[in-house]
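Novice: Mind having a look at this structure? Questions to follow.
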Amino acid sequence: MLLWKGEGCEMMVTTECEVNDSEVVFCLRDLDTGYQRAAEELGFARTEVGFARSFPAPVEDLDRIYANFDRNIGTMLRHVAREEQVPWESALHAWLKQLEGQDVTWFLGGSAALAVRGLRVEPRDIDIITDTCGAQRLGEIFAHALVEPVVPVKGWICDWFGRVFIEALIEWVGNVAPFVDHPEPSDFGPIAASRLERVVWKGYELRVPPLELQLAVSERRGLVQRAKAIRRFISQGK
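Position 177 (the sequence shown) corresponds to 697 in our numbering; numbering is contiguous.
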């Protein structure tokens, strides 16, 4: 086993990267208790000595990816914990600039899809939905900013997952499974993808899910304030 230890960041956490024949594991040690829930929301599992997130080996360009992760994990955790304002607009603009001229099929989901419409919501991150080719291509385009490798996924909602940090966390799912639309439609599955709407934001035309789908999903998830914001927006005829 090869073990890399990060330089850490300004918060109480130490990162490690463990590499063996079958997997690569990013570890968080000595994590302050105030950020443990945030770590779990980022997909890290509790272990006897901290938190861990694993990826199938080998991982191309691992040294750069781990360095990005080690450098940005503190900010990522603070953003998820809502202890620091997330510069989502700047992050999304940087994403769009990088994608100019690129042939990638994708649409914007989650709270960012509401924010670009003008709703008063505060995204903690930016969610992107794409297909298999798009998931892999995004990993190539944003290789410089990856904080995790782009990996195939089994037993989840999609076939691919990727994550970058460009002022804010931007993550994508590739080839979302049809079952996410049962028993009721989601706002990121094939049904949403077939009913996308177009929104112009800062000169860019973006594709986003229908508001009624995002409202229904918000209500099912118990996101009361988000649902109220959507209903208010709809009632104002925007």
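For every residue, glycine included, the Cβ atom is placed at its ideal position computed from N, Cα and C. A quick note: this is a predicted structure, and the numbers were derived from the prediction, not measured.
Measure the C-alpha to C-alpha separation of Arg-566 and Val-684 and round it to an integer number of angstroms.
Specialist: In the sequence shown, the residue the question calls residue 566 occupies position 46. In the sequence shown, the residue the question calls residue 684 occupies position 164. Going from the Cα of Arg-566 to the Cα of Val-684 covers about 22 angstroms.
Novice: Alpha helix (DSSP H) containing Thr-652: first to last residue?
Specialist: Here residue 652 refers to the residue found at position 132 when the sequence shown is read from its first residue. That run of the alpha helix (DSSP H) goes 652-661.
Novice: Taking the alpha-carbon of Tyr-671 as reference, which of His-664, Glu-691, Gln-756, Ile-686 has the nearest alpha-carbon?
Specialist: The sequence position of residue 671 within the sequence shown is 151, counting from 1. The residue you asked about is not Tyr; residue 671 is Val in the sequence shown. Nearest option by C-alpha distance: Glu-691.
Novice: Under 8 angstroms from any heavy atom of the ligand PLP, does the C-beta of Val-544 make it?
Specialist: In the structure on display, the ligand PLP does not appear, and there are no ligands present to speak of.
Novice: DSSP three-state label for Asp-590, please.
Specialist: Taking the sequence shown and counting its residues from 1, one reaches residue 590 at position 70. Note: Asp-590 maps to helix in three-state DSSP.
Novice: If the criterion is Cβ atoms closer than 9 angstroms, does the pair Leu-628 and Ile-661 meet it?
Specialist: In the sequence shown, the residue the question calls residue 628 occupies position 108. In the sequence shown, the residue the question calls residue 661 occupies position 141. No, they are not a contact pair.
Novice: I'd like to confirm the pairing. Which residues does DSSP put opposite Ser-574 in its beta bridges?
Specialist: Residue numbering aside, residue 574 sits at position 54 when the sequence shown is read from its first letter. BP columns for Ser-574 point to Val-545.
Novice: Is the CB-CB distance between Val-693 and Ile-648 below 9 angstroms?
Specialist: Residue mapping note: residue 693 aligns to position 173 of the sequence shown, counting from 1. Residue mapping note: residue 648 aligns to position 128 of the sequence shown, counting from 1. Yes, the pair counts as a contact, with Cβ atoms nearer than the cut-off.
Novice: Could one say the Cβ of Val-728 lies closer than 9 angstroms to chain B's Cβ atoms, at least one of them?
Specialist: Reference to chain B is not applicable here, since this structure consists of a single protein chain.
Novice: Which runs of the beta strand (DSSP E), 3 residues or longer, sit entirely within the stretch 609-695?
Specialist: Whole beta strand (DSSP E) segments, 3+ residues: 626-629, 646-650, 666-672, 680-685, 689-694.
Novice: Excluding the 5 residues flanking Val-673 on each side, which residues of the same chain have their C-beta closer than 7 angstroms to its C-beta?
Specialist: In the sequence shown, counting from the first residue as 1, residue 673 sits at position 153. Counting only Cβ-Cβ distances below 7 angstroms, and skipping sequence neighbours, we find Asp-679, Trp-680, Phe-681.
Novice: Is there contact between the stretch 610-624 and the stretch 548-558, where contact requires at least three CB pairs shorter than 8 angstroms?
Specialist: The stretch 610-624 vs the stretch 548-558: no contact.
Novice: Curious, which full-length beta strand (DSSP E) runs of at least 3 residues does the stretch 689-731 contain?
Specialist: You should have 689-694, 717-721, 724-728.
Novice: Let me know if Glu-668 comes out buried or exposed under the rule of 16 or more other beta-carbons within 10 Å of its beta-carbon.
Specialist: Residue numbering aside, residue 668 sits at position 148 when the sequence shown is read from its first letter. Counting Cβ neighbours within 10 Å, Glu-668 comes out buried, since at least 16 surround it.
Novice: In terms of alpha-carbon separation, which member of Gly-742, Leu-743, Leu-735, Glu-568 lies closest to Arg-751?
Specialist: Here residue 751 is taken as the residue at index 231 of the sequence shown, counted from 1. Comparing Cα positions, the closest option is Leu-735.
Novice: Give a yes or no on whether the C-beta atoms belonging to His-599 and Ala-655 are separated by under 9 angstroms.
Specialist: Numbered from its first residue, the sequence shown carries residue 599 at position 79. Numbered from its first residue, the sequence shown carries residue 655 at position 135. The answer is no: Cβ separation not under 9 angstroms.
Novice: DSSP puts Thr-553 in a beta bridge; with which residues?
Specialist: Within the sequence shown, residue 553 is the residue found at index 33, counting from 1. Its beta-bridge partners do not exist; DSSP assigns none.
Novice: Nearest CA to the CA of Ser-714: which residue from Tyr-586, Ala-572, Arg-727?
Specialist: Here the question's residue 714 lines up with position 194 in the sequence shown. Here the closest residue by C-alpha is Arg-727.
Novice: Exposed or buried, which one is Arg-584 when buried takes at least 16 other CB atoms within 10 Å?
Specialist: Locating residue 584 in the sequence shown gives position 64, where the first residue counts as 1. Exposed.
Novice: For Glu-604, which residues in the same chain have their Cβ closer than 6 angstroms to its Cβ, ignoring the five residues on either side in sequence?
Specialist: Within the sequence shown, numbered from 1, the residue matching residue 604 stands at position 84. Once the five neighbours on either side are set aside, the close Cβ partners of Glu-604 are Arg-598.
Novice: Identify whether Glu-604 lies in helix, strand or coil by the three-state DSSP scheme.
Specialist: One-based indexing of the sequence shown puts residue 604 at position 84. Three-state DSSP puts Glu-604 in coil, outside helix and strand.
Novice: Assuming contact is defined by CB atoms lying nearer than 9 angstroms, are Val-533 and Asp-550 in contact in what I supplied?
Specialist: In the sequence shown, residue 533 corresponds to position 13, counting from 1. In the sequence shown, residue 550 corresponds to position 30, counting from 1. Yes, the pair counts as a contact, with Cβ atoms nearer than the cut-off.
Novice: State the Cα-Cα distance for the pair Thr-595 and Phe-589, rounded to the nearest angstrom.
Specialist: By 1-based counting over the sequence shown, the position of residue 595 is 75. By 1-based counting over the sequence shown, the position of residue 589 is 69. Their backbone Cα atoms lie some 10 angstroms apart in a straight line.
Novice: Taking the alpha helix (DSSP H) that Val-744 falls in, what are its first and last residues?
Specialist: As a position in the sequence shown, residue 744 is number 224, starting the count at 1. 744-755 is the span of the alpha helix (DSSP H), which, as asked, contains Val-744.
Novice: How about Arg-746 and Leu-634: do their beta carbons lie closer than 9 angstroms?
Specialist: By one-based count along the sequence shown, residue 746 stands at place 226. By one-based count along the sequence shown, residue 634 stands at place 114. Taking 9 angstroms as the Cβ cut-off, Arg-746 and Leu-634 qualify as a contacting pair.
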